[in-house]
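Residue numbers (this note's numbering), protein chains in the order written: chain W, 1 to 1125; chain F, 1126 to 1295. Here's the structure we're looking at; comments come further down.
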Amino acid sequence: MAALNNLTEHLEAFVDVTRSPTHHAESLKAIATSLEKGVLSINQLVVEMDMYLTTTDDVVRARGSILLLAEMLDYLKSKPLDNAVVHSLIGFFTAKLAEWRSVRGALSGCLALIKRKGVAGVVTAVDAEAVAKSMAQSIQVQSLALYDRKLCFELLECLLEQYPEAMINLGDLMVYATCEAIDGEKDPPCLMIAFHVVELLARLFPSPSGPVASEASDLFEFISCYFPLHYTHTKGDEASIPREDLSRGLSLAISSTPFFEPYAIPLLLEKLSASLPVAKVDSLKCLKDCAVNYGVSRMKKHYKDLWPALKDALYASTKTDLSFGLESLTSPGFEMGEIHREAVNLLQRLVKQDISFLGLVVEDIRVNMVFDTISRYLRYEEMLDTSKLEVLVVSQILSVSARSSVESCNIIFETFFSRLMNTLGIVEKTSPGDLVHNENSTVSTRLYHGGLHLCIELLTASKDLIPSSEECTSTPESAQQSWCSIVNRFSASLIEAFTSAVQSSNDDCSADAYLGVKGLLAMGMFRGGSSPVSRSEFEKILTTLTSIIAANSAKTVKWELALKALVCMGSFIDRYSESEKAMSYMAIVVENLVSLVRSSHCSLPHPMILEATSEVCSTMPTYVEKMVEGFEEAFCSSFSDFCVNGNFKSIENCSQLLECVTNKLLPRLTEIDGLEKSLVNFAISMWNQIESSIVFSYDFNGREFVEAAMKTMGEIVGVASVDSQNSIIQKAYNVISSSTLPAMESIPLTVAALEGLQRNLSTRDELILSLFASVIIGASPKASIPDVKSLVDLFLVSFLKGYIRAAQALGSMINKLVTGSGGTNISTDCSLEEACDIIFHESDSSKTICGSETFLGKICLGFCGSLDLQTRAITGLAWIGKGLLMRGDKRVNEIALVLMECLKSTNSSGNALHPSAMKHAADAFLTLMSDSEVCLNRKFHAVIRPLYKQRFFSITVPILESLIVNSQTPLSRTMLHVALAHVVSNVPVTVILDNTKKLLSVILEGLSVLSVDSVHKETLFSLLLVLSGTLTDIKGQQSVSDNAHRIIECLVKLTSYPHLMVVRETAIQCLATLLELPHGRIYPFRREVLQAVTKALDDPKRRVREEAIKCRQAWTSISSRSTPF
Amino acid sequence: MVSGLINENPTVYERKERRVRTDSTNSDEFSVEPIDQLEIFDILFFDFAFINIHHIRDIRDPEHPYSLEQLKVLTEDSVEVDDLKSYVRVTFTPTVEHCSMATIIGLSIRVKLMRSLPPRYKIDIRVAPGSHATEAALNKQLNDKERVAAALENPNLVEMVDECLSPSFE
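Given below as structure tokens:
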């Protein structure tokens, strides 16, 4: 009962037009839920609504009741209903269709019921028929409002889709109703449905005596008036249907039934000849649809008109500039507009569908004339624009036709190919292997560019027609493939012709080379066993291209073209897994290039060989293996050549080779299978080579080589799996233990012993040490490193001797070692704690600390040892600290304290610190905070704790600030500012924004301190960037506004900073940004700012002047209007 | 203001492809890049619009919505500049001989340059010889310091000049 009470309430609410739509929706929802839950039945609802359904008040009746009922049904789509209920409801709605006041409710009610599917209680066919009849008779669609019209069309669509039999019974009536409904419709969403309705009708009445056939002309008239679609209101209606979709719908409607053909095709041809591009594109698309749906026999009548129109469209849409560039080697070489593309599609469709259309093409006078045009000009650029157009379009027409089907290809080749060959003077092979030589005959090859282009287009088109190997067996090799035999007859001579085109080309004209290479590429891309190009010919192509690459001594267009062609062929072979061709490719291209890499003397510069080899070989895994093997050998031979003979050229080759591995191969690791394994082998053989060359008879200062080797080694280890890393590490460890390096481990860590050390490692040891450090840097935390303790010793001593790489390796090791006592990981024999013990090597006590009391700390603070030792120790400490910092270890705090201690002017014992040591200490903060490229990053598997920078920031900044306040000398003050600037500028900007209030004054002070000396210009710039970040942000706005006077003062000074242009530029930009502050706050400074900016108008750098003009303009505009300049 | 346009149907030329600076990647920190012809031309045309970088602001012909460049009133070659002597001369060509707008165009050019060049510069604005009926008077008027200053105290004139220098949204 309660439900019923509520119901009355909700009904009242829904019927009341004065209430808001949300209110209506709510009450609707409430009723629907109770219906769905079964609390209320439809019958009850109807009974309850009795009054509203029969009242004489039109508004209440239409809106309240009928619409309510309809919307309710829409909600209950999936609720099973009794068939009797459905029947009575649909009867009710059908009757109401006649009453115009309640038409919306009636329409949506019918629609909701008709849409019901399956078991949920559906409308019977008889009822549906009644709905359709009532609708056709009593509704004038075009007199309704937009939403109602849409409902009408949806209802029609639904009826046609769901009750086809019933609608067939109605026959003519439906067609009339549709015609009437569409007539004059202008709204895109309605039209979209209307077009679909036409399509459905056409499908329902396919018979030639049916209603659609008899009414075709009327129906077509109503839809054709929309063609081509043009939106008059383009903007503002985003929810509406895009033009493309609607145009597609129209096209489907027009092409829906063959009965439209007598009217449609003439109309489309007429529109095609229009000058409006949209009309052209739409007509071409629609013609294609028509060709598919109307059938060959009907289309045939129009061929005579269709062909010239199509040809004209092609001519009009082709541009004459043919590109001879590298990028167009695998594409047609000219721009394709939309019209062009659609025209091509249509042509292909027509030819594919009916071979007799090809007759028109073949007999066309313009097509046949092209051979004359070709033979008139030798070079493409000599041609007149009209001739160029002729050649391009005809090539396009012929190649598209050839591509359509095997039959059409045969016809095209039979008709034109021999003629083309005659024109070009290419002779056919009389018997296998026997070639008619040019010098014997009077005809010699004439390489007309136009002809070559046509020939290439034809060959490229035909290559897609070769069936893949599986299909090949099913279709008998009959006369179907006659084009194949034609190409086969000419293939040898064609290859020769293309080869001579390439060879005759000179540098200033790339067209010859381009056409030649493209031709060879086309010949080389025929698939499968039934290819018209024999294996020996294919090999000839490869040989030619390879020889082009090997013969050139500079990077010419020809060289690049040939390389690209080879790469294309390589990936083609890989894609279609052509084993036979892969073998030829391997034997001719890969082996040749790899042997070039190996041989130390050839005309081609080494980097070019490397580039060619790496490009070509990355097309297939087996080639990659081969290549890396070749690289290995080349590296070994060059390296030993250098060691034994002192050939500096070989060491240069070595570094180029390593660079190639790093830059070309490593980035493609994920693309190429098996590359990782080969590279690991490569790394191991590098170690082998170094191990075996015991004596470096020539001292070399080849920094370049060492750098390249370190980089390659580090990156290979970085990408390798843990197992491979282990084997590399083991190998490297063996090498290192056989060298003289272990002797260093035993050096006691005392000042006296360390003072005695010079940079006295031999070249070989230095190389080994650097490489080993790289291996350690790249190793993942899971890799097992043998004998960690002595390695820590080794690195410690060597960084104190000045090898920074060793410090980085030590930092990486510290970063990745396992913590904890005993070690859960068996592979390491040393835990983090033990390693730290060794490093910080307490001088007296047994406490494990790493602060200033330690040996290392004492060196840093200058208690003992020379200045050199001190600076090295500081740098080393920074790297160790970085390793600790990134893993979130507490020890870093003490290291930071030591470093800050170094920034004070005097140490605890009262001795003044050397400026250079202070500078190193300040830079140590950059090392700690910045992201390093060379070690301790994600690529090298560093252990990175989140927010480590923020943590360091919050620890160090307060201390640094208080140190700045208490600093005693200007130098110490500057250095503290440098350190602070490093910390501040490397922390994420959000942290700064949270602390703007605190930081702003110290940043400003820093800016003025750092601007004194040009040494700090980079630091100054990064600090300025931090400031500029705070200016624009809403969080910082308040404190910026409070400090406006200081900020402006500081920025004004920086506008004339002489040492770095970007500083001046940024300062001026910041000044312009400040205009966003409240007017009253900045107005007092305008004179000062304008003066500074006016001075900047005369800046030596143009970019600064440009900024100054903008800034000046902006600041002028806030001063009074009476001063125009 | 005049009623009706003085030149109702001006010839509109296509914009010339802009000369691109080749030495833009000058890495030397201390080398001097003197103010040159192109830079002045850029100041006059290619606006480094402060508020909206995406729109090109040109000085516009007061009569037509076309920019002076499109009407060939100004070309790059019509700018002469000597950075060492701090001297710049701009020669412009009014579209018709009796164009009464020539003074406003000249004044706009002068104001734009005064705002954008260092104060050391002497600016000389001229009408191309033979292109205007009252050429001599015009040249005298445009280069008379007192008269220019006086003109810029007239709020109506300043408004017109600002209008000319305002962005045209293309």
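Where is the CB? At the ideal position from N, CA and C, for every residue including glycine.
Taking Cβ-Cβ distances shorter than 9 Å, what residues in chain F pair up with residue i?
| i | result |
| --- | --- |
| W:R1140 | Nothing in the structure corresponds to residue 1140 of chain W, since chain W is present only between 1 and 1125. |
| W:L1027 | Within chain F, no residue comes near W:L1027; the closest Cβ sits about 20 Å away, beyond 9 Å. |
| W:L97 | Under the 9 Å cutoff, chain F gives no residues; its nearest Cβ is about 53 Å from W:L97. |
Alpha carbon to alpha carbon, what distance is there between residue j and residue i?
| i | j | result |
| --- | --- | --- |
| W:D148 | W:A95 | 17 Å |
| W:L976 | W:N893 | 17 Å |
| W:K37 | W:A30 | 11 Å |
| W:T1030 | W:A924 | 26 Å |
| W:T330 | W:A896 | 60 Å |
| W:F772 | W:T712 | 12 Å |
| W:S1022 | W:I955 | 21 Å |
| W:G876 | F:E1205 | 59 Å |
| W:S737 | W:I541 | 53 Å |
| W:S273 | W:A313 | 8 Å |
| W:R101 | W:D57 | 11 Å |
| W:R527 | W:Y163 | 51 Å |
| W:Y576 | W:V616 | 17 Å |
| W:Q656 | W:I768 | 19 Å |
| W:S685 | W:R805 | 22 Å |
| W:S595 | W:C654 | 15 Å |
| W:L76 | W:L28 | 12 Å |
| W:M929 | W:E707 | 24 Å |
| W:A264 | W:E99 | 39 Å |
Which chain W residues sit within Cβ distance under 7 Å of residue i?
| i | result |
| --- | --- |
| F:E1154 | L1060 and M1061 |
| F:E1158 | P1100, K1101 and R1102 |
| F:E1164 | R1102 |
With DSSP as the reference, please indicate the residues paired to residue i in a beta bridge.
| i | result |
| --- | --- |
| F:E1205 | F:R1214 |
| F:D1249 | F:R1214 |
| W:A309 | In DSSP, W:A309 forms no bridge with anything. |
| W:T906 | W:A912 |
From the options, pick the residue whose C-alpha is nearest to that of residue i; which is it?
| i | options | result |
| --- | --- | --- |
| F:F1166 | F:S1156, F:P1219, F:D1202 and F:P1159 | F:D1202 |
| W:S78 | W:G109, W:L113 and W:E99 | W:L113 |
| W:P262 | W:S275, W:E1005, W:K300 and W:E338 | W:K300 |
| W:L885 | W:K939, W:L861, W:T906 and W:F952 | W:F952 |
| W:A1114 | W:Y585, W:G121 and W:L1071 | W:L1071 |
| F:Y1246 | F:P1254, F:A1253 and F:K1237 | F:K1237 |
| W:L1153 | W:G337, W:R403 and W:M383 | Nothing in the structure corresponds to residue 1153 of chain W, since chain W is present only between 1 and 1125. |
| W:L1075 | W:K939, W:L1097 and W:I1047 | W:I1047 |
| W:D50 | W:S831, W:H302, W:T8 and W:E537 | W:T8 |
| F:I1248 | F:T1220, F:E1222 and F:N1264 | F:N1264 |
What residues in its chain sit with their C-beta under 7 Å from that of residue i, if we drop five residues either side in the sequence?
| i | result |
| --- | --- |
| F:S1233 | I1184, V1286, C1289 and L1290 |
| W:A917 | G862, L867, Q870, T871, I874 and C902 |
| W:N726 | A783 and S784 |
| W:G1036 | L993, T996 and T1030 |
Within its chain, find whatever has a CB closer than 6 Å to the CB of residue i; leave out the 5 residues flanking it on each side and keep chain order.
| i | result |
| --- | --- |
| W:L459 | A522 |
| W:F195 | G249, L250 and A253 |
| W:V792 | A835 and I838 |
By the criterion of Cβ-Cβ separation under 8 Å, what are the contact partners of residue i in chain W?
| i | result |
| --- | --- |
| F:I1168 | I1109 |
| F:R1245 | D1098 |
At a CB-CB cut-off below 9 Å, which residues of chain W make contact with residue i?
| i | result |
| --- | --- |
| F:R1251 | Within 9 Å Cβ-Cβ: nothing; F:R1251 doesn't reach chain W, min ~20 Å. |
Skipping 5 residues on each side, what residues in its chain have a beta carbon closer than 8 Å to that of residue i?
| i | result |
| --- | --- |
| W:T54 | R61 |
For residue i, go through chain F and note every residue whose CB falls closer than 8 Å to its CB, in chain order.
| i | result |
| --- | --- |
| W:T1030 | Simply none; closest approach about 21 Å. |
| W:T1094 | P1243 and P1244 |
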